[in-house]
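Engineer:
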DNA sequence: TTAGGGTTAG
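This is the structure:
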């Protein structure tokens, strides 16, 4: 290792500040891989964390200006009291302002329309018309079989689709001026517009209602809010919710849970809980839909305590979950990494008489697969077949992915054949990708190639993930000519290379030599020429560290977050396989600085640990060298040391991590480092303080110049 | 979609 590249665990740790652009000019003399706090990856550090105002800000104006106006007269004393929450309700005769009304909106009852058949037929005729021909539509309107009275018009309006027809008919009804156009007409039209994700039209209609003095009720507001939500206009959803309060209308529980979902989707957990608790304090008994909103939110934030809170609330309020709520909670428990809880909840569900549907089973199969609970997964599968529980394409594909996770090739093959013979669930690109993954990760090259050829024959579109699986498999098998062919054919068939595919090519390159390496490089050139230019830069001796840093930062900025660490790992491997050891150390340092290896080194009073589980073989070797050098200088300076040192490679249970422990072991021997594989804990290498100190002493004072 | 709210795929 170059003498200029001495790392130190303890000295010269000027940790760069992510907001300080000066950190781009890194020190070149002393690197400190093991003393950095991770810095946000380059393109994330500049972005504001949250552009949305908090709900406490949102609710402040509501609490002080709107909620207090529920009594018609403005009462300054009340406004003042509202600012002091502890002494709000001095006057017990005044009703408490609430956040929601416990009364649902009452619907007007339908009376039977004797002309229903004629009107439905008329609606069908309109539906069959070409929307683009306004004159034809207008002509059909003249054929309306009965006068467009309020009831008749409403019946037709309810039977029309898509939204263009509904809007056309609604506008026509308005021009007829046979009756005042009431709220329900707007509501029906808005619902259709929501289905077509036409928020702009919805908002225009809402403003028209305001202008014409047509009342906006809870149905109107909830439709506006959910339409805004579906169109990703969360700002508008909040705006209309606030507007509702301002007009003095209280949301009912439907509107309330709709807005809870809006805040949840904005990631505003505290605000959702604040609204939830305020609702509860107002005597609201949340229903399964409200709990589904909370459950989903806590699942998304992987918050197990939150999910437990939801379960507890449901229990204490005696709310019986329905199918959707069960599905949501199962999904949430899966995301929170609680397969045992999910299994228990599923058993409760079946025991309580709720029959699982495709979504239930998809959630559970995914959970068991990810947890590698093979026995549970297979038992569930048997129950699915025995009970003839419903299957759909997504469930089939999830089962295939589970087989991939558990290495169940024969079972996957059976399932895949079942799918080919089925009416509803013919294999699609996801199914083929799962099978390519199964054959590819099992090293079954011929079967994987056969599947690749089959895809185009059956007319299924190849996707980038399937292509990546196959290329990985061919690379491992050193079938480079096949790999190039597959890459070229995939591009011809419209596959657009993504960062994972590039990472896969880069990884193949790292263990290829000579002509093979050039062949893979030419594929990578077509997919990501900047990456190839960077590899060339690494190989040039004259390239300075500053240039490497600048270019690497540029590459990371352009790369999807999940592909950044694999890129860094592969680039380090490439350097090591080409005897560019110093470059490998520079890249590991940069990877640490840019937060690609969080927790690489952890310290407690008793133990210092090097965690290389997420590193490639070359990166782990590089990290070990860095660490040994750092420890050496600490020993030489006679500073305080813990009792135990350990390195964690992982035991290799994951299909791709096998081999890291053994290659690490070889490198430990090569460096004659004092670590031994732990007998108690698989995947751990350990050394005591004494081992380390005597090792350093035996090496003599010039170690750092010799490694 | 039949006047309003919640759930499935690397």
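Residue numbers (this note's numbering): 394 to 1100. Positions of the beta carbon are idealized from the N, C-alpha and C atoms, including for glycine.
Could you check if residue 487 is buried or exposed, using at least 16 other CB atoms within 10 Å of its CB as the buried criterion?
Structural biologist: Position 94 of the first chain holds residue 487. With a pLDDT of only 45 at residue 487, under the threshold of 50, the placement of this residue in the model should not be trusted, and no figure is reported.
Engineer: Would you mind sorting residue 421 into buried or exposed? The rule is 16 or more other CB atoms within 10 Å of its CB.
Structural biologist: One-based indexing of the first chain puts residue 421 at position 28. Residue placement at residue 421 is poorly supported in this model, since its pLDDT is 36, which falls under 50; the coordinates still yield a value, given next. With fewer than 16 Cβ atoms within 10 Å of its Cβ, residue 421 is classed as exposed.
Engineer: Measuring alpha carbon to alpha carbon, tell me which of 761, 590, 722 and 1077 ends up nearest residue 696.
Structural biologist: Within the first chain, residue 696 is the residue found at index 303, counting from 1. Out of 761, 590, 722 and 1077, 722 has the C-alpha closest to the C-alpha of residue 696.
Engineer: Would you give the residue range spanned by the alpha helix (DSSP H) that residue 1171 belongs to?
Structural biologist: The structure shown has nothing for residue 1171, since the chain only spans 394 to 1100.
Engineer: May I have the straight-line CA-CA distance separating residue 728 from residue 657, to the nearest angstrom?
Structural biologist: Translated into the one-based positions of the first chain, residue 728 becomes position 335. Translated into the one-based positions of the first chain, residue 657 becomes position 264. So the two alpha carbons sit approximately 16 Å from each other.
Engineer: Just to confirm, is the Cβ distance from residue 600 to residue 582 under 8 Å?
Structural biologist: In the first chain, the residue the question calls residue 600 occupies position 207. In the first chain, the residue the question calls residue 582 occupies position 189. No, Cβ-Cβ distance for residue 600 and residue 582 is not below 8 Å.
Engineer: According to the Cβ coordinates, are residue 592 and residue 626 closer than 8 Å?
Structural biologist: Start at 1 with the first residue of the first chain, and residue 592 comes out as number 199. Start at 1 with the first residue of the first chain, and residue 626 comes out as number 233. Taking 8 Å as the Cβ cut-off, residue 592 and residue 626 qualify as a contacting pair.
Engineer: Grab the span of the beta strand (DSSP E) containing residue 1077 for me, first residue to last.
Structural biologist: Against the first chain, residue 1077 aligns to sequence position 684. That run of the beta strand (DSSP E) goes 1077-1081.
Engineer: In whole angstroms, what separates the C-alpha of residue 1089 from that of residue 774?
Structural biologist: The residue labelled residue 1089 in the question sits at position 696 within the first chain. The residue labelled residue 774 in the question sits at position 381 within the first chain. Roughly 57 Å between the two C-alpha positions.
Engineer: Here's a check: name, in chain order, each residue in its chain whose Cβ is nearer than 6 Å to the Cβ of residue 417, leaving out the five neighbours to either side.
Structural biologist: Taking the first residue of the first chain as 1, we reach residue 417 at position 24. Reliability fails at residue 417, whose pLDDT of 28 lies under 50, so the model's placement of it is uncertain and the value that follows must be treated cautiously. Excluding sequence neighbours, residue 417 sits near nothing in its chain.
Engineer: Assign residue 817 to buried or exposed, taking buried as 16 or more other Cβ atoms, counted over all protein chains shown, within 10 Å of its Cβ.
Structural biologist: Position 424 of the first chain, counted from the start, is the residue given in the question as residue 817. It is exposed - the Cβ of residue 817 has fewer than 16 other Cβ atoms within 10 Å.
Engineer: Rounded to the nearest angstrom, what separates residue 978 and residue 872 at their Cα positions?
Structural biologist: For the purposes of this step, residue 978 is identified with residue 585 of the first chain, where counting begins at 1. For the purposes of this step, residue 872 is identified with residue 479 of the first chain, where counting begins at 1. Looking at the two C-alpha atoms, the distance is approximately 31 Å.
Engineer: Within 10 angstroms of the Cβ of residue 558, are there 16 or more other Cβ atoms? Answer buried if so, exposed if not.
Structural biologist: Sequence index remark: in the first chain, residue 558 carries index 165 (1-based). With 16 or more other Cβ atoms within 10 Å, it is buried.
Engineer: Take the Cβ of residue 587 as the centre, count every other Cβ of all protein chains shown within 10 Å, and call the residue buried at 16 or more, exposed below.
Structural biologist: Locating residue 587 in the first chain gives position 194, counting from the first residue. Residue 587 should be labelled buried.
Engineer: Measuring straight from C-alpha to C-alpha, what distance separates residue 744 and residue 725?
Structural biologist: In the first chain, residue 744 corresponds to position 351, counting from 1. In the first chain, residue 725 corresponds to position 332, counting from 1. Whole-angstrom Cα-Cα distance: 20 Å.
Engineer: Determine the DSSP secondary structure at residue 551, reduced to helix, strand or coil.
Structural biologist: As a working mapping, residue 551 is identified with position 158 in the first chain. Looking at residue 551 - three-state DSSP - the assignment turns out to be helix.
Engineer: In the structure shown, what three-state DSSP assignment does residue 596 receive?
Structural biologist: Along the first chain, one-based indexing puts residue 596 at 203. Correct three-state label for residue 596: helix.
Engineer: Alpha carbon to alpha carbon, how far is residue 611 from residue 665?
Structural biologist: Here residue 611 is taken as the residue at index 218 of the first chain, counted from 1. Here residue 665 is taken as the residue at index 272 of the first chain, counted from 1. Near 20 Å, if we compare the C-alpha coordinates of residue 665 and residue 611.
Engineer: Less than 6 Å between C-beta atoms, sequence neighbours within five positions excluded: which residues of the same chain meet that for residue 1142?
Structural biologist: Since the first residue shown for the chain is 394 and the last is 1100, residue 1142 is missing from the structure and cannot be characterised.
Engineer: Would you be able to state if there are at least three C-beta pairs under 8 Å between the segment 980-988 and the segment 912-930?
Structural biologist: Contact between the segment 912-930 and the segment 980-988 is absent, because fewer than three Cβ pairs lie under 8 Å.
Engineer: Look up residue 900 in the DSSP assignment and say whether it is helix, strand or coil.
Structural biologist: Here residue 900 refers to the residue found at position 507 when the first chain is read from its first residue. Correct three-state label for residue 900: helix.
Engineer: Would you report the Cα separation of residue 1081 and residue 702, rounded to the nearest angstrom?
Structural biologist: Here residue 1081 is taken as the residue at index 688 of the first chain, counted from 1. Here residue 702 is taken as the residue at index 309 of the first chain, counted from 1. About 44 Å.
Engineer: Assuming the contact rule is C-beta atoms closer than 8 Å, residue 622 and residue 630 should be a hit. Round their C-beta distance to whole Å, please.
Structural biologist: If you number the first chain from 1, residue 622 lands on position 229. If you number the first chain from 1, residue 630 lands on position 237. At roughly 5 Å, the Cβ-Cβ gap stays under 8 Å, so residue 622 and residue 630 are in contact.
Engineer: Should residue 447 go down as buried or exposed, given a rule of 16 or more other Cβ atoms within 10 Å for buried?
Structural biologist: Position 54 of the first chain, counted from the first residue, corresponds to residue 447. The predicted model places residue 447 with a pLDDT of 36, which falls under 50 and marks its position as unreliable; any figure quoted below should be read in that light. Flag for residue 447 reads exposed.
Engineer: Would you give the residue range spanned by the beta strand (DSSP E) that residue 996 belongs to?
Structural biologist: Indexing the first chain from 1 puts residue 996 at position 603. That run of the beta strand (DSSP E) goes 994-996.
Engineer: From residue 1005 to residue 909, what distance separates their C-alpha atoms?
Structural biologist: Here residue 1005 corresponds to residue number 612 of the first chain, with the count starting at 1. Here residue 909 corresponds to residue number 516 of the first chain, with the count starting at 1. Roughly 29 Å between the two C-alpha positions.
Engineer: Just verifying my parser: in three-state terms, what is the DSSP assignment at residue 1003?
Structural biologist: Your numbering for residue 1003 matches position 610 in the first chain. Strand.
Engineer: Can you tell me whether residue 761 is buried or exposed, with buried defined as 16 or more other CB within 10 angstroms of its CB?
Structural biologist: By 1-based counting over the first chain, the position of residue 761 is 368. The residue in question, residue 761, is buried, as its Cβ has 16 or more Cβ neighbours within 10 Å.
Engineer: Excluding sequence positions up to five away, which residues of its chain have a Cβ less than 8 Å from the Cβ of residue 1048?
Structural biologist: Here the question's residue 1048 lines up with position 655 in the first chain. A caution first: residue 1048 carries a pLDDT of 47, below 50, which makes its placement in the model unreliable, though a value can still be read off. Hits under 8 Å: 800 and 834.
Engineer: For residue 676, which residues in the same chain have their Cβ closer than 7 Å to its Cβ, ignoring the five residues on either side in sequence?
Structural biologist: If you number the first chain from 1, residue 676 lands on position 283. The answer, listed in chain order, is 495.
Engineer: For residue 739, collect the residues of the same chain with a Cβ closer than 6 Å to its Cβ; drop the 5 residues on either side in sequence, then sort them by chain order.
Structural biologist: Your numbering for residue 739 matches position 346 in the first chain. If we look at residue 739 and ignore the five residues flanking it on each side, its Cβ neighbours are 757.
Engineer: For residue 945, does the three-state DSSP call read helix, strand or coil?
Structural biologist: Here residue 945 refers to the residue found at position 552 when the first chain is read from its first residue. Here residue 945 sits in helix by DSSP.
Engineer: Between residue 512 and residue 548, which are expected to be in contact by the criterion C-beta below 8 Å, what is the C-beta distance as a whole number of angstroms?
Structural biologist: Here residue 512 refers to the residue found at position 119 of the first chain. Here residue 548 refers to the residue found at position 155 of the first chain. Indeed they touch by this definition, with Cβ atoms about 5 Å apart.
Engineer: At 4 residues or longer, what runs of the alpha helix (DSSP H) sit wholly inside the segment 697-772?
Structural biologist: If we require 4 residues or more, the alpha helix (DSSP H) runs fully inside the segment 697-772 come out as 697-709, 716-728, 732-744 and 751-763.
Engineer: Since I believe residue 965 is in contact with residue 1009 (beta carbons under 8 Å), could you give me their beta-carbon distance rounded to a whole number of angstroms?
Structural biologist: Counting from 1 along the first chain, the entry for residue 1009 is found at position 616. Counting from 1 along the first chain, the entry for residue 965 is found at position 572. Indeed, because the Cβ distance is near 7 Å, the residues count as touching under 8 Å.
Engineer: May I ask which residues mark the beginning and end of the alpha helix (DSSP H) holding residue 845?
Structural biologist: On the first chain, residue 845 is found 452 positions in, with the first residue counted as 1. Taken as a continuous stretch (DSSP letters only), the alpha helix (DSSP H) holding residue 845 covers 838-851.
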